[in-house]
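Inspection log for the structure reproduced underneath, given as structure tokens.
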Amino acid sequence: MRSEQGLSTPVRFVERQLRARTLAVSGVALLLGVLLQSACRLPLWGSVSVIALALLLIPVSRRRSLVLLVIVGVALPFGLGALRYALQDRAKPLVPSNFSVQFEGDVVSDVTLNSSPRLIAAFHVTRIDDEASDQTVRLYLRSDVLPLEGIAYGQHLSLTGHIWPQEHATNPYEMDQANWLRGIGLQGMAAAKLEDVEVVSRRFGWQTPFIAVKRAIADRIDRLFPRSAALARAFILGDRSMLESDTRAAFNTTGVAHLISLSGMHVAVLAFALQKLLRRFMRRYLADGCALLFIALYAALVGFPPSLVRAALMFAMACGASLCGRPSDGITRLSAALVI
446 MRSEQGLSTP VRFVERQLRA RTLAVSGVAL LLGVLLQSAC RLPLWGSVSV IALALLLIPV
506 SRRRSLVLLV IVGVALPFGL GALRYALQDR AKPLVPSNFS VQFEGDVVSD VTLNSSPRLI
566 AAFHVTRIDD EASDQTVRLY LRSDVLPLEG IAYGQHLSLT GHIWPQEHAT NPYEMDQANW
626 LRGIGLQGMA AAKLEDVEVV SRRFGWQTPF IAVKRAIADR IDRLFPRSAA LARAFILGDR
686 SMLESDTRAA FNTTGVAHLI SLSGMHVAVL AFALQKLLRR FMRRYLADGC ALLFIALYAA
746 LVGFPPSLVR AALMFAMACG ASLCGRPSDG ITRLSAALVI
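Counting from 446, one number per residue, gives the positions in the sequence shown under this note's numbering.
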């Protein structure tokens, strides 16, 4: 009898959380599905079977067993998380290894110049040796002669260089560069010399005005803070390309590396300070709307980093709950942002 009560206690706890915080439980289950799929590479039919079983149990769980309700409430988002990761992994396979190959494509991000000197940008490959391609890589360009400033967002380039998939880390304690690239939507790496690059054409996309404003702000920072421009760029724009390796190591050693990365802290400080200020001069819904618009424009300005998008979604849900007169807690907002 005690064993049955012991088994039912965690089930009832999950059931209470399902009723009180549905999004929180669903978000945790979804995250577990993504993590398991990324670690074990389960077959596609496995996640589909879990989803199908959960859907079949929905009519039964409404009428009968508490256990079935818990299984459905956890299994369905778990299967959806695993399925989403599996489909994303299959949709964009890694680039093939090609050395001294001709390829072309478009620069699809703002370019970054560091002190190497080296130019870094996201590059959408459209052709490799006259064969169609649809993959995005992290492009590195070097030159000892030509200025790197000639490469910009929106340019269509034809170049000769190397393109390869990033291998997974063999040391479990080091950063896995391959997983990091996949996490930001890239399928490999590419490198070339600027002397082997030809600018074919240039198009203007929706990011063009934001990149222009970002560069103008960066130039103003360089003029106003000549000694600490690298840190100011990192704090305001999330641009860490000018930071020296010793400075990065110092931040990592002291455990405050998050200060030079755009995170939820930046959104929280900006959004709530602006919200409180605007509420002194206008109605609540107008102040919240202006704060949301500012955060959306700021996220577009710095390139929509995942941490900033997550924090912006949480702030939007907090404003929505306040306007609707409903309570809101951080766990539910975080879980909803994860599900979205």
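In this text, a Cβ means the ideal position worked out from N, Cα and C, and glycines have one as well.
Contacting residues, own chain, Cβ-Cβ under 8 Å from residue i (five flanking each side not counted)
i	result
residue 578	540, 548, 550, 570, 571, 572
residue 545	605, 606, 607
residue 574	543, 546, 547, 548
residue 458	none
Other residues of its chain near residue i: CB distance less than 6 Å, five sequence neighbours each side excluded
i	result
residue 643	603
residue 730	768
residue 601	551, 645, 646
residue 622	611
Straight-line gap, residue i to residue j (C-alpha atoms, nearest Å)
i	j	result
residue 618	residue 698	16 Å
residue 585	residue 499	46 Å
residue 496	residue 520	7 Å
residue 594	residue 639	11 Å
residue 711	residue 675	17 Å
residue 478	residue 649	39 Å
residue 464	residue 733	29 Å
residue 721	residue 664	30 Å
residue 563	residue 634	14 Å
residue 481	residue 759	25 Å
Coil, strand or helix - residue i by DSSP
i	result
residue 714	helix
residue 547	strand
residue 641	strand
residue 557	strand
residue 461	helix
residue 686	coil
residue 614	coil
residue 492	helix
residue 540	coil
residue 590	coil
residue 597	coil
residue 673	coil
Delimiting residues of the alpha helix (DSSP H) encompassing residue i
i	result
residue 692	690–699
residue 739	729–746
residue 566	Run containing residue 566: none in the alpha helix (DSSP H); it sits in the beta strand (DSSP E), 563–573.
residue 753	751–769
residue 622	622–628
Where the beta strand (DSSP E) through residue i begins and ends
i	result
residue 606	600–609
residue 577	576–587
Contacts around residue i, its chain only, beta-carbon distance under 7 Å, and the 5 residues preceding and following it disregarded
i	result
residue 765	none
residue 446	A caution first: residue 446 carries a pLDDT of 43, below 50, which makes its placement in the model too unreliable to give a value.
Spell out a yes or no on whether the segment 700–716 and the segment 728–743 are touching, meaning 3 or more CB-CB pairs, one atom from each, closer than 8 Å. Contact between the segment 700–716 and the segment 728–743 is present, because at least three Cβ pairs lie under 8 Å.
Under 8 Å, with one C-beta from each stretch per pair, do the segment 480–497 and the segment 516–529 reach the 3-pair mark? Result yes; three or more Cβ-Cβ pairs closer than 8 Å.
Counting pairs of Cβ atoms below 8 Å between the segment 643–655 and the segment 678–686, do you hit three or more? Output reads no: the segment 678–686 does not touch the segment 643–655.
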